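Peer 1: Per this note's numbering, residue -19 is the first one in the sequence shown, and the count goes up by one each step.
A virtual CB, placed ideally from N, CA and C, is assigned to each residue, including glycine.
Everything numeric in this text was worked out from a predicted model, so none of it was measured.
Starting off with a structure, shown below.
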Amino acid sequence: MTTNIETRRRKLDTKNQDPPEEHDGAHLPGSCCDRVCVAHIHSEVSDGPAQSCLLQTGTSYTPKNPRRTCSFGDEICDENPCKTTISAENEVEAQKLANNYKFGFRKWKSHVTERPFEKRSDIVKELYSELNVIKPHSGSLFTCGNVLYVFLFGWWISLVYVFVGVLMFLTVFGIPYGNLCWRLSCYFLWPFGKSIEKASVSVPVYSVKILQGDSTLEEEEDRKLSSPLLLPTPVEETIEEPTGSPRDEHYWRRIRTYAWLFVGYPLLVITHFVLCLISWLLVFTIPVAKMSAKTLHTILLMPPEHIHISQPTEAQEHEGQVILCCYHAVNLYYYKYTVDGINVFAVNLLPLVIVSLVIGYVDKTNQFASSEVKFATAISSIIPLSYYIGMGIASISAQSNFAVGAVVNATFGSITELTFYITALLRGHHQGNKCLQEIVKAALTGTLLGCILFIPGICMIIGGLRHREQRFNSRSAGVSSSLLFISIGGVFAPTLFSKAYGNLVCENCTNSTGTNSSGSFMCKNCHYDLSENNYSLFHSHIEPLVYTISILLPVSYIIGLVFTLKTHSHIYDIHVGDGRGHLGASVHWSRWRALLILIVATVLMSACADLTTEHIQPILNRSSVSQYFIGVTLLAMIPEIPEIVNGVQFALQNQISLSFEVGSCIAVQVCMIQIPILVLFNIFYDVGFVLIFSDLHLWASIFSVIVVNYSFMDGKCDYFQGTALVVVYLILLAMYFFAPSPAGC
């Protein structure tokens, strides 16, 4: 037993004790309804919080009247019912976290408020720093990232400056700018460690000392007669006065300025714009984009005599104002970079939405882009839109009361998937194509398999590579597993019922003799008759069963809400940190702005889903891969990419329980919310959606739930268990890959 565990044991055995040491960050442990579980946590250096089953930031929780404490391994267990303490940085974050637990938000946005910059890690501070500080650098500047800069950008940027310099020399008036371009060409070929500074240009001002006229002539003659060598004489004094701003009054009166603005500067504007665009889209080369932007709007608009480029050895000694100083062109931590609270990848993918809409609705005849390209751009556009929808939901719920949070979650919680499913069902109904209905069922099953197997598995692998062993509350995981059993059992109950009482119909049956009289028969297509011909079974038995289950599943979801909100609300105990530096929390998006973005993103999501379903049929017809495989992979997992990224981040921060919650919440909402809504939609607008799944969907889902429950039994995980889950997921995908396409496709 480690010293840390012994200390925590003594604290738990004491009825009244002092608050424990504070931790930074927001901690979201799993539910500890019937016990307090304190696991040994390895200290990790990261920008996120560490995880424990009982964690506090500014407020501590102590179980009252402890009855019995039992220990097993590195855990301490108290059977007295307790609270799960959730700590947040400010009131807004606390409201968001409370709603996440209460309503089961699946769009996990880490922060909706601006985190205090002084409390961020040094790595994150470096991402947002301006490139205008000379830093002591002891390491070598000859790194792989800097060499990559030379091959990707440095050589052609340098050549452009050489070309512009030649043009400025030819204008004669722009020779000073030509010299500047020569110097900048050398700088941009290898800018690392060098600095560009605003030099202090001094202009001599002459003044003459004039003798005052109040002295008499006799006094002046006496001065001349007495020690003339020691007397001061009128001399011309030189006073150095620095010039004003770079754009002083003489800047716009020079012919060379206009020669530069009309000949050289436009070419460099295009060059630096291309450089900024490419380096920003690559994300990890954002320092190059910052360097290029600073050059474009500041350095190139200064008089050339004000610009001084210092070499690495001179940089520390020069006293000018530093404008630009860069040491590294690549920083791998820029995946954390945000713009107004939005991750940089979501920002970069947003123009893809515009491109997909333009080529999808303007180029109807596929003259400029094929159906494959339109399908790829449309389905990729779902990724940033789902991120913006998640950010909007989190922002509104964090700034609203209980009722508003419930309405927003119920309205937009599953809008990404429902938009695609309903659009596909409508298009399939209008075209008389039942294949799209099977694609929807494959996407529903693929979402279940991915959330049950892939998301927890990949989080265990990545988290296990950083943390030797991760622990979680096995009882909390058991509650999630029970909900999964209920969900899977309810959704696939009509399928099992049809197999028990349905009529198996086989087509194209022949025997070895080629007749239907006797012998061994071979049938190419066998299925259960659920059509109008078997009216008694479907309309009298299966259809009422589907409606009953579609009522029971949402009722189960509501009972879970009542459990967490009313009868056992003490389980979720939200605490705010000490408040130092967080009193005036600044929210990234206001409620009205978040609502506007949420509505716009939903409309764009509908348009992209329509384009996806419109151009998926040519891919299905031309592809030799089973349509099942396309449904369970592309259509199911691409909308869940933001959730996968969030789950991985939680695992890296040693919060593996939250990674599991991301997957389980999605799976439960698919079964208890999305499928009942599809059944309800089919009642009001008959699109032929029947809640009967194929055998492959049935057994794959049941097997996945059993495997996950077995993995969650001991309350701890490592990368080996994660590998097992991912391998099982890949085996199931291989089955879908080689499976024949569904009937009618």
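Could you tell me which whole beta strand (DSSP E) segments of length 3 or greater appear in the stretch 286 to 338?
Peer 2: Listed in chain order, the complete beta strand (DSSP E) runs (minimum 3 residues) inside the stretch 286 to 338 are 287 to 290 and 301 to 305.
Peer 1: In angstroms with no decimal places, state the Cα-to-Cα distance between ASP553 and VAL254.
Peer 2: Because ASP553 carries a pLDDT of 49, less than 50, the predicted location of this residue cannot be relied on, and the following value inherits that uncertainty. Going from the Cα of ASP553 to the Cα of VAL254 covers about 51 Å.
Peer 1: Taking the alpha carbon of PRO731 as the reference point, which residue from THR123, MET148, SER691 and LEU150 has its own alpha carbon closest?
Peer 2: Because the chain is modelled from -19 through 725, residue 731 falls outside the range shown and cannot be assessed.
Peer 1: Please classify VAL706: does DSSP put it in a helix, a strand, or coil?
Peer 2: The answer is helix: DSSP assigns VAL706 an H, G or I state.
Peer 1: Which two residues bound the contiguous alpha helix (DSSP H) that contains LYS270?
Peer 2: Looking at the DSSP string, the run of the alpha helix (DSSP H) that includes LYS270 is 266 to 277.
Peer 1: So, do the stretch 346 to 362 and the stretch 614 to 625 have three or more beta carbon pairs nearer to each other than 8 Å?
Peer 2: Result yes; three or more Cβ-Cβ pairs closer than 8 Å.
Peer 1: Whose C-alpha, out of VAL72, SER138, PHE664 and THR237, is nearest the C-alpha of VAL152?
Peer 2: Comparing Cα positions, the closest option is THR237.
Peer 1: Along the chain, which unbroken stretches of the alpha helix (DSSP H) at least 4 residues long are found entirely within the stretch 112 to 157?
Peer 2: List check, alpha helix (DSSP H) in window: 124 to 129 and 135 to 150.
Peer 1: Any idea which residues DSSP pairs GLU177 with across the strands?
Peer 2: Answer is HIS288 and VAL302.
Peer 1: If you draw a straight line from the C-alpha of VAL319 to the C-alpha of TYR108, how long is it?
Peer 2: C-alpha separation (whole angstroms): 10 Å.
Peer 1: Check whether the stretch 422 to 441 and the stretch 672 to 684 are in contact - that is, three or more C-beta pairs closer than 8 Å.
Peer 2: Yes, since at least three Cβ pairs between the stretch 422 to 441 and the stretch 672 to 684 fall closer than 8 Å, the two stretches touch.
Peer 1: I need the boundaries of the alpha helix (DSSP H) containing ILE522, first residue and last residue.
Peer 2: Note, ILE522: premise wrong, no alpha helix (DSSP H); not H, not E.
Peer 1: What does the Cβ neighbour count give for GLY590, buried or exposed, with the cut at 16 atoms within 10 Å?
Peer 2: The sequence as given places Asp at residue 590; Gly does not occur at that position. Burial call: buried.
Peer 1: Is it right to say ASN381 is buried, meaning 16 or more other beta carbons lie within 10 angstroms of its own, or is it exposed?
Peer 2: Under this definition ASN381 is an exposed residue.
Peer 1: Rounded to whole angstroms, what's the CA-CA distance from ARG227 to GLY158? Just pull it up for me.
Peer 2: Because the pLDDT at ARG227 is just 48, under 50, the model does not fix this residue reliably, and the point stays unresolved.
Peer 1: Helix, strand or coil for GLN633 per DSSP?
Peer 2: GLN633 falls in the coil class under three-state DSSP.
Peer 1: Would ARG148 and TRP240 qualify as a contact pair, given that the criterion is a beta-carbon distance under 8 Å?
Peer 2: Checking the displayed sequence, the identity of residue 148 turns out to be Met instead of Arg. Against a cut-off of 8 Å, the Cβ pair of TRP240 and MET148 comes out as a contact.
Peer 1: Measuring only the C-alpha atoms, how far is LEU705 from ASN413?
Peer 2: Rounded to whole angstroms, LEU705 to ASN413 spans 35 Å at the Cα level.
Peer 1: Looking at C-beta atoms only, is the number of pairs between the stretch 415 to 423 and the stretch 388 to 407 that lie closer than 8 Å three or more?
Peer 2: The stretch 415 to 423, when compared against the stretch 388 to 407, does touch it at the 8 Å Cβ threshold.
Peer 1: Measure the beta-carbon distance from GLU71 to SER566 and round it to whole angstroms, keeping in mind my assumption that it falls under 8 Å.
Peer 2: That pair is no contact at about 13 Å.
Peer 1: Of the residues VAL708, LEU424 and LEU532, which one's Cα is nearest the Cα of ILE610?
Peer 2: When each option's Cα is compared against that of ILE610, the closest is LEU424.
Peer 1: State the Cα-Cα distance for the pair GLN654 and THR391, rounded to the nearest angstrom.
Peer 2: Rounded to the nearest angstrom, the two C-alpha atoms are 11 Å apart.
Peer 1: Quick check on the DSSP output: the alpha helix (DSSP H) that includes ARG573 runs from which residue to which?
Peer 2: Where ARG573 is concerned, the enclosing alpha helix (DSSP H) stretches over 571 to 594.
Peer 1: Between the stretch 363 to 373 and the stretch 571 to 582, do at least 3 Cβ pairs fall closer than 8 Å?
Peer 2: Taking 8 Å as the limit for Cβ pairs, the verdict is that the stretch 571 to 582 does touch the stretch 363 to 373.
Peer 1: Just mark ASN491 as buried or exposed, buried being the case when its beta carbon has 16 or more other beta carbons within 10 Å.
Peer 2: Exposed.
Peer 1: Distance check for LEU365 and VAL583, CA to CA, integer angstroms please.
Peer 2: Rounded to the nearest angstrom, the two C-alpha atoms are 10 Å apart.
Peer 1: So is PRO720 buried or exposed if we call it buried at 16+ other beta carbons inside 10 Å?
Peer 2: PRO720 is exposed by the Cβ-count criterion.
Peer 1: Please report the Cβ distance between ARG446 and LEU632, rounded to the nearest whole angstrom; I am assuming they are in contact, meaning their Cβ atoms lie under 8 Å.
Peer 2: Yes, they are in contact, since the Cβ atoms of ARG446 and LEU632 sit about 6 Å apart, within 8 Å.
Peer 1: Taking the DSSP output, what are the residues bridged to GLN450?
Peer 2: According to DSSP, GLN450 bridges with CYS697.
Peer 1: Three-state secondary structure (DSSP) at MET502?
Peer 2: MET502: strand per DSSP, three-state reduction.
Peer 1: Hey, how far is the Cα of HIS252 from the Cα of ASP694?
Peer 2: If I take the Cα positions, the gap works out to 56 Å.
Peer 1: Taking the DSSP output, what are the residues bridged to PHE172?
Peer 2: DSSP lists CYS306 as partners of PHE172.
Peer 1: Looking at ILE303: is its Cβ nearer than 8 Å to the Cβ of LYS115?
Peer 2: Taking 8 Å as the Cβ cut-off, ILE303 and LYS115 do not qualify as a contacting pair.
Peer 1: Do ILE624 and ILE435 have their C-beta atoms closer together than 8 Å?
Peer 2: In this structure, ILE435 lies closer than 8 Å to ILE624 by Cβ.
Peer 1: Looking only at its own chain, which residues have a Cβ that is under 6 Å from the Cβ of VAL687, when we skip the five neighbours before and after it?
Peer 2: Closer than 6 Å at Cβ, skipping near neighbours: VAL708.
Peer 1: Count the other C-beta atoms from every protein chain shown that fall within 10 angstroms of the C-beta of ILE539, then say buried if there are 16 or more, exposed otherwise.
Peer 2: That one is exposed.
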